[in-house]
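These notes concern the structure reproduced below.
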Amino acid sequence: MTKKEIIRKTEEFVKKTMKGDPGHDWSHVDRVRKTALYIGEKEKADLFIIELASLLHDVADHKFYKGDDQIGPNTAKKWLEKMNLESSKIKEICSIIEEVSFKGARVKYNLKNFEGNIVRDADKLDALGAIGLARTFSYGGHFNVPMYLPDVKPYFHKSFKEYKKNSASTINHFYEKLLLLKDRMHTKTAKQIAIRRHKFMEQYLKEFYEEWKGLR
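Note that the sequence shown ends on residue 471 in my numbering; no numbers are left out.
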């Protein structure tokens, strides 16, 4: 089976398999794939690994499977074995999938794989800017998370277990994750993109607080 055929079949598999809210759907996966390939071309990385890992990174997201953070890598592994991909590549891709997600403000990043850092950057970029805003409130609505609780301060999670319990409010999530992402990009290309999207979110929050107080 050619690489092109594997990619095509994986696209079909992901579209049929993954579930989530409108912010964690096929359009999110496709954006991450396109962004990762854009970064990968500039960084001269292995585009085949990047594309497969991007396509499969949310195929079974723990957020929609009762916090099971192994279901994603396991689902991807079974699929890639079915595609007769080399074991070394399967191991690399599954490692990327396992480590790509944000795991808490005070949790250290462990991913050292070059292609994995590119996929992670692309995934984080989709949590920033206008799309990031839309996805954040979509997720909050899906799980009935309050939009804003002025008396509840953000909590900076010390472990992935704590982080998986979710935020007290959607606005808190900006401080617990989104506004931290700009400084956690690995590639030069992603860092440049993140600056503009980060500024957009800061401006949005300023406007949000003004409107919340009834000042505008």
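Backbone N, C-alpha and C define an ideal beta-carbon position, used for all residues, glycine too.
Member of the options whose CA lies at the smallest distance from the CA of residue i
i	options	result
Glu-370	Pro-277, Asp-406, Glu-466, Lys-346	Lys-346
Ala-248	Leu-404, Thr-425, Tyr-410, Lys-408	Here the chain covers residues 256 to 471 and nothing more, so residue 248 does not appear.
Ile-261	Asp-285, Lys-299, Thr-272, Glu-306	Glu-306
Val-355	Lys-333, Thr-290, His-312, Asp-285	His-312
His-283	Asn-399, Phe-392, Asp-381	Asp-381
Lys-408	Asn-339, Phe-398, Ala-423	Ala-423
Val-269	His-412, Ala-308, Ala-449	Ala-308
Arg-263	Phe-303, Gln-325, Glu-296	Phe-303
Ile-352	Val-287, Glu-296, Met-338	Val-287
Pro-405	His-412, Arg-375, Asn-427	Asn-427
Asp-376	Val-314, Lys-289, Trp-334	Lys-289
Glu-431	Gln-325, Lys-344, Pro-277, Thr-391	Thr-391
Span of the alpha helix (DSSP H) around residue i
i	result
Asn-339	Premise fails: Asn-339 is in no alpha helix (DSSP H) and is neither H nor E.
Gln-447	443-467
Val-374	369-380
Tyr-394	384-397
His-428	425-431
Thr-257	No alpha helix (DSSP H) contains Thr-257, which DSSP labels as neither H nor E.
Val-287	281-298
Leu-310	302-311
Per-residue burial, residue i [other beta carbons within 10 Å of its own, 16 or more giving buried]
i	result
Phe-429	buried
Gly-222	Since the first residue shown for the chain is 256 and the last is 471, residue 222 is missing from the structure and cannot be characterised.
Asn-372	buried
CB contact check: residue i to chain C, cutoff 7 angstroms
i	result
Leu-460	The structure shown contains no chain C, having only a single protein chain.
Cβ distance (whole Å) where residue i is taken to contact residue j below 8 angstroms
i	j	result
Tyr-403	Trp-467	7 angstroms
Gly-384	Phe-455	5 angstroms
Gly-396	Leu-433	Incorrect: roughly 16 angstroms between the Cβ atoms, too far for contact.
Ala-445	Ile-294	6 angstroms
Lys-379	Met-338	Actually they are not in contact, since the Cβ atoms of Lys-379 and Met-338 sit about 27 angstroms apart, beyond 8 angstroms.
Residue i CB to nearest heavy atom of the ligand PLP below 6 angstroms
i	result
Lys-259	Annotation note on the ligand PLP: not contained in the displayed structure, which lists no ligands.
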